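These notes concern the structure reproduced below.
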């Protein structure tokens, strides 16, 4: 929500402050806005297509940058650290963060630090270093919290769930681009947003946000819903299935 | 070859899971054990979250204990009255276990408790079995049998009841307590608990050996079924697709295992089983004391 407000505020500011000659605008579309997880799901790619609409067709590409960020679903997350106690490795310290995206992918035309100031990157939460996760307990010392957050981000990167890249955006002409976003098999179900930002000389002059959903579908979805909405029924069903298979096997193999 | 598990929310290789089910089924058929003590650690090593491994394993044991319980029932090798006492205790234990499991998971210690319990139980049982089978092999005679009718502290307890099938007149407290232990093992560790129940029934309750296995299967059947339902209710952690794959692999593996086991002598089987149990215990012990590759772990959701 905060990001959405920031975008709206910027739109307002841009409309007031910018001269007509610089009123470049951005349109983007996703190849898919619903990713269905079925039994054979092993990950997929989505492609974000974008175009920069400019009243001046010869506006320089110099100083112009595109940043694409796909993130979702935000949820609280707990990071634990093991310590050796009496020779055994045991989870000892932990930090719980208010919200951390399950998946985060950001692609930019140049390294983010070259595109905009840290303040702007922080405001839009662009880049792995700028994810705004706050520890839930007030008493946490901030250096330790940063260390735990760093470990969480490193693990997510190793799992292919977080990525920051400067090679994901391809321009097919002066003003048309596309970004390929790889979603691994472990991509968590939930609601996502695909945000595209047009930067010129370090400020956001246009932005667009598109919702995206990752959801289980077919039998996977029905089983998951049953397990959560009718857990008693689901549990009894699991037992009956086990009894049926056990009984069938005892009949089948008694003959031979 | 990949299949998405709807509750575990990960993709697994279904042929691999079938194979694991068959391999564990083979060993359990060969040694006449449930195999839960092998399956739960293997699933956790494979990357299935411990909560889902344990809860799903309960339904797998329900399937595999049914045919055993039926076979013993047909031969009248079940003391039903004793069985119901054990089941009664088992339901209490399973309820406590499911609650304890959720509490331990919240504070991030469930993996530790599972691994440490396995190391202690499998380590001591494996060492005892190894010792006994080595002695038997060396002397060439079966181990020392205790005389029937010998009394121990169990006979001093109140609330006595007659168990005709077992030819026992003992307090109901030990069977109930034993049942609670079995239920706890099923709910927290994803095992049937026969490796604790059977020796306790023989050496503590002094039940006749020929009805011990059937009665423990009877208890395990009901208690693991209840554990499955309780985990489904309390933690939504039973993955029915994973259970299906494990059961299908298991029922086939067991048949081959039983045939292979028939070719081995009892002492050899016990020696091999002791070595297997010790190997699992050592592997888990190594996991507890070796420096982990990553000290940090990430859990989504509130603790």
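Chains as they are written, first to last, in our numbering: chain A, 1207 to 1462; chain B, 12 to 314.
Where is the CB? At the ideal position from N, CA and C, for every residue including glycine.
Please read all numbers here as calculations on a predicted model, not as lab measurements.
For residue 303 (chain B), the closest Cβ of chain A is nearer than 8 Å. Judged by DSSP in its simplified three-state form, residue 1246 (chain A) adopts coil rather than helix or strand. A direct Cα-to-Cα measurement between residue 41 (chain B) and residue 1303 (chain A) gives close to 49 Å. Between residue 278 (chain B) and residue 144 (chain B) a beta carbon distance of about 5 Å is seen, short of the 8 Å cut, so the two are scored as contacting. In chain order, 15 and 17 make up the part of chain B whose C-beta sits under 7 Å from the C-beta of residue 1426 (chain A). For residue 1288 (chain A), at least one C-beta of chain B is nearer than 8 Å to its own C-beta.
Rounded to whole angstroms, the separation of the alpha carbons of residue 66 (chain B) and residue 191 (chain B) is 17 Å. Listed in chain order, the non-local C-beta contacts of residue 1401 (chain A) below 6 Å within the same chain comprise 1275 and 1415, local neighbours out to five positions each way being set aside. Setting aside the 5 residues that flank it on each side, residue 1396 (chain A) is surrounded in the same chain by 1278, 1279, 1308 and 1420, each with a C-beta closer than 7 Å to its C-beta; the list follows chain order. In the three-state reduction of the DSSP assignment, residue 171 (chain B) falls in the strand class, which pools E and B. Taking every protein chain shown into account, the CB of residue 171 (chain B) has fewer than 16 other CB atoms within 10 angstroms, so this residue is exposed.
The three-state reading of DSSP puts residue 52 (chain B) in helix, counting H, G and I together. DSSP lists A:1310 and A:1399 as the bridge partner or partners of residue 1277 (chain A). A distance below 8 Å separates the beta carbons of residue 1254 (chain A) and residue 1236 (chain A). Interface flag for residue 88 (chain B) against chain A is unset, since no Cβ pair is found closer than 8 Å.
Membership of residue 1234 (chain A) in any alpha helix (DSSP H) is not indicated; the residue belongs instead to the beta strand (DSSP E) covering 1231-1236.
Under the Cβ criterion of 8 Å, residue 1396 (chain A) is not counted among the residues facing chain B. Residue 1251 (chain A) is bridged by DSSP to A:1388.
With 16 or more neighbouring CB atoms inside 10 Å of its own CB, residue 1286 (chain A) falls in the buried class. Contact between the segment 97-106 of chain B and the segment 185-199 of chain B is present, with at least three C-beta pairs closer than 8 Å. The residues 45, 47, 72, 76, 197, 231 and 235, in chain order, have a CB closer than 7 Å to that of residue 203 (chain B) in the same chain once the five nearest residues on each side in sequence are set aside.
The beta carbon of residue 1359 (chain A) lies closer than 8 Å to those of 1334, 1337 and 1368 in the same chain, with the five residues before and after it left out. Within its own chain, the residues whose Cβ lies closer than 7 Å to the Cβ of residue 1258 (chain A), once the five positions on either side in sequence are excluded, are 1230, 1232, 1381 and 1404, listed in chain order. By the Cβ rule, the segment 86-100 of chain B counts as touching the segment 172-183 of chain B, because three or more pairs are nearer than 8 Å. Within 10 angstroms of the beta-carbon of residue 150 (chain B) lie fewer than 16 other beta-carbons, which makes it exposed. The C-beta of residue 1325 (chain A) has fewer than 16 other C-beta atoms within 10 Å across all chains shown, which makes the residue exposed. Cβ-Cβ distances below 7 Å link residue 1386 (chain A) to 1251, 1253 and 1374 in the same chain, with the five nearest sequence neighbours on each side left out; the list follows chain order.
According to the DSSP secondary-structure assignment, residue 1336 (chain A) is paired through a beta bridge with no residue. In the structure shown, the three-state DSSP call for residue 1299 (chain A) is strand. The beta-carbon distance between residue 262 (chain B) and residue 1455 (chain A), rounded to whole angstroms, is 4 Å. This is short enough to meet the 8 Å contact definition. Taking a beta-carbon distance threshold of 8 Å, residue 1418 (chain A) does not count as an interface residue toward chain B. The Cβ of residue 240 (chain B) sits closer than 8 Å to at least one Cβ of chain A.
Taking all protein chains shown into account, residue 168 (chain B) has fewer than 16 neighbouring C-beta atoms within 10 Å of its C-beta and is therefore exposed. Distance check between residue 1332 (chain A) and each of A:1290, A:1272, A:1265 and A:1366 places A:1272 closest, using alpha-carbon atoms only.
Around the Cβ of residue 39 (chain B), a 10 Å sphere holds 16 or more other Cβ atoms; the residue is buried.
Taking a C-beta distance under 8 Å as the contact criterion, residue 96 (chain B) and residue 187 (chain B) qualify as a contact pair.
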